[in-house]
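In what follows, a structure is listed as structure tokens, so that the remarks can point back to it.
Residue numbers (the numbering used here): 2 to 305.
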């Protein structure tokens, strides 16, 4: 059990909102749960979610120590695009989580990689993320690379850092883009209220750059290809929403109800280009558009 002492520096704000904005990595729903469990007190008395803060109040918050999720090997079929003794590249299906986390302790890509590779994964990512060099969202499909040893992991991580590892994504976005190509250069940080979302902001943010190119225009939608220059959480989804063209099906950053049968983002990691950590060979891999994506394009063609 960990106890946090927090002195309030604002007045009139809901307690759950204040706590979520003051404690890193704690979502508003998590703060509400702590309050419901009477784990937030003032002068020894538990508070309610609707409590209005006052400057100078000192809150005591009791947090349980997080459970360490250790990945276990599982026999889960993988669509392997490339594999050798140093790296493995998988075409991840939509709906698969990359690594274990609360609510997703198994059935993840890491569990599948451990089942396939055994002990042959790098340890740089720790017990929860062995071999994982970069991530893609649960409902984003496509190419993801994992390292089989620490040397390969460090090499690929360096390529991510110096932006020589290329990642391209196909997406269907709402609205018709007027320009054929462009760049979104806008810093991304955690949303100040909804801690599970990211947003374009100058506050506690990191630089983020996304290049895009139009592949095809339809009635009310556009098929684009995006290239990441940086790799921030939800970057393409946040950036496309920021310029007024959220990804189709993205009910977090776009329309709040399904469209064209999509209740999750129509986003596919279609290309990876990197330098092999051992041989120095330039490797380029591509993953065809999955069925769900092709079905969306077919519907759009019929509508146009």
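Idealized CB from N, CA, C, for every residue including glycine.
As the structure is a computational prediction, the values presented were derived from the model and not from experiment.
{"Asked": "Would residue 62 and residue 7 be called neighbours here (beta carbons separated by less than 9 Å)?", "Found": "yes"}
{"Asked": "Am I right that residue 144 and residue 90 are in contact with their C-beta atoms under 8 Å? What's the rounded C-beta distance?", "Found": "6 Å"}
{"Asked": "Does DSSP put residue 53 in a helix, a strand or coil?", "Found": "strand"}
{"Asked": "Around the C-beta of residue 73, are 16 or more other C-beta atoms found within 10 angstroms, so that it is buried, or is it exposed?", "Found": "exposed"}
{"Asked": "Is it the case that the Cβ atoms of residue 209 and residue 269 are separated by a distance below 9 Å?", "Found": "no"}
{"Asked": "Taking the CB atoms as reference points, tell me whether residue 221 and residue 274 lie closer together than 9 Å.", "Found": "no"}
{"Asked": "Which same chain residues end up closer than 6 Å to residue 218 when comparing Cβ atoms and leaving out the 5 residues on each side of it in sequence?", "Found": "177"}
{"Asked": "Mapping the DSSP letters down to three states, classify residue 287 as helix, strand or coil.", "Found": "strand"}
{"Asked": "Reducing DSSP to helix, strand and coil, say where residue 187 ends up.", "Found": "coil"}
{"Asked": "Give the DSSP-derived three-state secondary structure of residue 28 in the structure shown.", "Found": "coil"}
{"Asked": "Secondary structure at residue 6, three-state DSSP: helix, strand or coil?", "Found": "strand"}
{"Asked": "Would residue 80 be called buried (16 or more neighbouring beta carbons within 10 Å of its own) or exposed?", "Found": "exposed"}
{"Asked": "How many whole angstroms separate the CB atoms of residue 87 and residue 153, which I take to be in contact at a CB cut-off of 8 Å?", "Found": "4 Å"}
{"Asked": "Suppose the cutoff is 8 Å on Cβ atoms and the five residues either side in sequence are ignored; what does the same chain contact list for residue 204 look like?", "Found": "190, 193"}
{"Asked": "In the region 244-284, which residue ranges form an unbroken alpha helix (DSSP H) of at least 4 residues, counting only runs that do not cross its ends?", "Found": "none"}
{"Asked": "State the Cα-Cα distance for the pair residue 155 and residue 122, rounded to the nearest angstrom.", "Found": "13 Å"}
{"Asked": "Under the assumption that residue 187 contacts residue 235 (Cβ atoms under 8 Å), give the Cβ distance between them as a whole number of angstroms.", "Found": "Not really, about 13 Å apart at Cβ, beyond 8 Å."}
{"Asked": "Give the straight-line distance between the Cα atoms of residue 19 and residue 206, rounded to the nearest whole angstrom.", "Found": "19 Å"}
{"Asked": "Can you tell me whether residue 93 is helix, strand or coil according to DSSP?", "Found": "strand"}
{"Asked": "Could you check if residue 295 is buried or exposed, using at least 16 other CB atoms within 10 Å of its CB as the buried criterion?", "Found": "exposed"}
{"Asked": "Comparing C-alpha positions only, which one of 22, 53, 166, 29 sits nearest to residue 282?", "Found": "166"}
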